[in-house]
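Residue numbers (our numbering): 3 to 82. One structure is given below, encoded as structure tokens.
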């Protein structure tokens with residue numbers, strides 16, 4: 003799964019100086035004859051797919067935790 007690969011690579015990304023991870027959510031239209039042929043971020047009523055929402059939250063939390071830890075190690079603790 004792509005999300006898992008990203009999370010497992012976060013430490014390596016930070017070690018190489020990466021400080022931005024951009025996530026874009028978009029719907030897909032597979033075109034005729036089957037417009038549902040592509041993956042779709044959003045469900046029929048327009049809400050975010052629950053499985054995708056869980057994976058996105060996991061990625062954000064893991065990224066934030068690793069960035070905060072890396073910054074703490076590099077710059078020392080911040081009390082502001």
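Note that the Cβ used here is the ideal one computed from N, Cα and C, for glycine as well.
Shown here, residue 10 sits in a helix according to DSSP, grouped into three states. As a beta-bridge residue in DSSP terms, residue 50 pairs with 44.
The beta carbon of residue 65 lies closer than 7 Å to those of 12, 23 in the same chain, with the five residues before and after it left out.
Distance check between residue 49 and each of 17, 27, 9, 3 places 27 closest, using alpha-carbon atoms only. Collapsing the DSSP output to three states places residue 58 in a helix.
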